[in-house]
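*Asks:* I am attaching a structure below and will ask some questions about it afterwards.
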Amino acid sequence: TCLERGHARGLTIHSGSWHLEYGRGAVATTLPFAMVDTLLVSLEFESVRRSTVEFTKLVRRRRK
């Protein structure tokens, strides 16, 4: 849905559902921006911790 400039739209995510976001660029370079946003806006420290652990595991597995 295209919105006019200066307008916003909310999103409700119900329990048990998924939300996917589209982004472009290398994950390694965009991940810090997503983490900072999560920390400063929603204060979901556990989510950032889990994401960091999972990303680190994937990077280490890829290098082997």
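First residue of the sequence shown: 29, per this note's numbering; consecutive thereafter.
For glycine and all other residues, C-beta sits at the position ideal for the given N, C-alpha and C.
Just the Cα atoms here: how many angstroms apart are T58 and V87?
*Replies:* 15 Å
*Asks:* Could you tell me the distance, in whole angstroms, from the CA atom of E72 to the CA atom of E32?
*Replies:* 31 Å
*Asks:* Just the C-alpha distance for E82 and H35, rounded to the nearest angstrom, thanks.
*Replies:* A straight-line Cα-Cα distance of about 35 Å links E82 and H35.
*Asks:* Please determine, among A56, M63, S70, R78, the residue with the shortest C-alpha to C-alpha distance to M90.
*Replies:* What sits at residue 90 in the sequence shown is Arg, not Met. Among A56, M63, S70, R78, the Cα nearest to that of R90 is on A56.
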